[in-house]
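What follows is a short report on a single structure.
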Amino acid sequence: MDNKQAALELGTKPVGRLLAQYALPAIVAMSAASLYNIIDRAFIGQIVGPEAIAGLGITFPFMNLSAAFGAAVGVGASTCISVKLGQRDYKRAQRLLGNTVTLNLIIGFLFMVVCLIFLDPILRFFGASDATLPYAREFMIVILLGNMVTHMYFGMNAVLRAAGKPRHAMYATLFTVVMNVILLITFVWWFRWGIRGAALATITSQTMAMCWQMWIFSDKKELLHLEKGIYRLRMALVRNIISIGISPFLMNVTSCIIVIFMNNQFVRYGGDMAVGAYSIANSVVMMFFMFVMGMIQGMQPIVGYNFGAENYNRMFRCLFLTIASATTILLIGWGLSMLFPREISRIFTTDQTLISLAARGIKIDMMVFFVVGSQAIITNFFQCIGRVKIAIFLSLSRQLILLLPMAYVFPLFWDLDGVWYAMPASDFGSFAMTIPLLIWYMNKLKRNGK
């Protein structure tokens with residue numbers, strides 16, 4: 017199948033088969049990435065110690081903030097490319113590819129420089145204590161030095177999916193994960209480089225995968241390929257990318273704000289060990305939520321293409337099939353977390369205090385986990401079709417509108433448990449806000465005869 021036909025089948029192939037074709041590689045890739053995160057934290061917790069895993073938890077806001085800028089470009093550009101391919105505007109899709117490369121380089125460099133200059137004050141603001149600051153600093157110096165590579169790697173993977181190459185995006189992620197684990201064992205266990213070795217393993221594996229991605233896009237036979245004349249930033253294209261990317265950008269920025277606030281709340285009500293428990297619970301949540309992210313990544317090019325081609329029935333079939341599949345997966349994760357929280361916590365640490373805190377945190381955090389997928393998928397759906405204001409509102413609803421005030425008020429009544437209870441309460445509240453908006457949009461399309 018040639019490259020143009022691969023793009024065209026987004027509007028013709030049966031939706032179920034198409035979603036499986038695009039989502040399964042993404043699910044495999046995202047699940048492998050999640051498994052690596054589990055292994056990474058387990059190595060650090062078991063070999064370096066509980067303070068190190070708490071220090072790693074302090075770096076979550078940094079990772080979210082970096083992901084925010086990466087998503088603004090990667091998700092925005094890949095969505096725009098999907099729509100342009102649906103409209104058969106291949107020239108503009110090509111220019112979007114070039115602008116994606118340029119924006120990733122510029123934003124990645126600026127983020128690295130600013131954060132390195134103010135690293136210690138930022139980490140203190142994020143909740144680092146005297147005990148956890150050295151670990152967090154050691155990890156983030158390496159991560160930030162490789163920030164441009166990280167941005168480019170994730171951006172190019174998003175474009176690969178938009179260009180009809182979900183398997184190639186999967187291969188890039190799987191290669192990164194496998195190489196990451198090999199280097200992690202070498203650097204942390206064998207060379208005993210500690211938390212710095214874990215960061216170095218991450219950046220080295222991403223660099224190798226990014227080189228392969230660039231090699232793919234350098235092939236002139238590809239529908240989208242790197243060539244002269246596409247890298248100069250064009251304001252119209254940049255505005256299109258940012259207008260779509262602003263929703264995931266704000267989602268990640270608010271995640272950063274929330275994690276900063278939550279870290280400080282956990283330190284206040286439970287100390288460094290509570291931050292470590294939060295880090296473990298986050299890892300468990302992300303292990304299952306990565307399945308949902310894979311479904312979303314598979315859905316995005318299909319929804320974007322069919323919206324551009326005005327195939328609204330196919331677009332909604334894809335949405336509802338994605339919701340059903342994701343909810344099934346999260347129900348499995350919910351069941352395992354309710355039944356085996358201590359066994360899951362023991363993967364990360366041998367410290368009995370940390371195991372007890374993490375086990376209780378996992379059970380509370382995952383209380384209504386099965387509704388989280390619907391909210392995330394519907395939010396991304398509105399993003400894919402250019403309904404930016406709705407997507408932004410839904411992105412902010414769980415975190416700023418609900419979680420932030422709840423995480424402040426609940427501990428006043430329930431102490432440390434109150435910080436934990438704020439998370440499932442906000443999950444359910446944001447789900448209840450999302451469903452009516454989807455129904456409103458569907459009715460609007462019906463009234464317009466579409």
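The working numbering applies: residue 17 is where the sequence shown begins, and numbers increase by one.
The C-beta atom is built at its ideal place from N, Cα and C for all residues, glycine as well.
Quiz prompt | Ile348 versus Ala45: straight-line alpha-carbon distance, rounded | solution = 19 Å
Quiz item: Would the beta-carbon of Gly71 fall within 8 Å of that of Tyr169?
Solution: Between Gly71 and Tyr169, the gap from beta carbon to beta carbon reaches 8 Å or more.
Practice problem: Could you name the residues of the same chain whose beta carbon sits closer than 7 Å to that of Cys96, not counting the 5 residues immediately before and after it, in chain order? | Solution: Leu112, Asn256, Ile257 and Ile260
Quiz prompt | For Phe307 and Phe444, the rounded distance between their alpha carbons | solution = 19 Å
Practice problem: Indicate whether Gly162 and Ile198 have their beta-carbon atoms separated by less than 8 Å. | Solution: For the pair Gly162 and Ile198, the CB atoms are not nearer than the 8 Å cut-off.
Self-check item: His167 to Phe134 span [Cα, whole Å]
Solution: 20 Å
Self-check item: CB contact flag (Ala39, Gly389, <8 Å)
Solution: no
Quiz item: Got a sec, what are the start and stop residues for the alpha helix (DSSP H) Ser468 sits in?
Solution: No information on residue 468 is available, as it lies outside the stretch 17 to 466 that the chain covers here.
Self-check item: C-beta contact flag for Ala36 and Ile262 at 8 Å
Solution: no
Quiz item: Just how far apart, CA to CA, sit Ser413 and Ile406?
Solution: 10 Å
Exercise. Enumerate in chain order the residues of its own chain whose CB-to-CB distance from Val165 is below 7 Å, with the five nearest sequence positions on each side excluded.
Key: Ile219, Gln222, Thr223 and Met226
Quiz item: Which runs of the alpha helix (DSSP H) fall wholly inside the stretch 345 to 421 and span at least 4 residues, in chain order?
Solution: 357 to 362, 368 to 381, 388 to 400 and 404 to 412
Exercise. With a floor of 4 residues, list each alpha helix (DSSP H) that falls wholly inside the stretch 264 to 330, ordered by position along the chain.
Key: Within the stretch 264 to 330, complete alpha helix (DSSP H) segments of at least 4 residues are found at 288 to 324, given in chain order.
Quiz item: Taking the Cβ atom as the reference point for each residue, do Val91 and Ala174 lie within a distance shorter than 8 Å?
Solution: yes
Quiz prompt | Ile260 in three-state terms, based on DSSP | solution = If DSSP states are grouped into helix, strand and coil, Ile260 belongs with the helices.
Practice problem: Using three-state DSSP, classify Gln103 as helix, strand or coil. | Solution: Coil at Gln103, not helix or strand.
Quiz item: From Met458 to Met449, what distance separates their C-alpha atoms?
Solution: 15 Å
Quiz item: Would the C-beta of Thr148 count as close to the ligand SAM, meaning under 7 Å from any of its heavy atoms?
Solution: With respect to the ligand SAM, the structure shown offers nothing to examine, as it has no ligands at all.
Quiz prompt | Limits of the alpha helix (DSSP H) - the one that Arg183 falls within | solution = Pro182 to Leu200
Quiz prompt | N- and C-terminal bounds of the alpha helix (DSSP H) containing Gln222 | solution = Gly210 to Phe233
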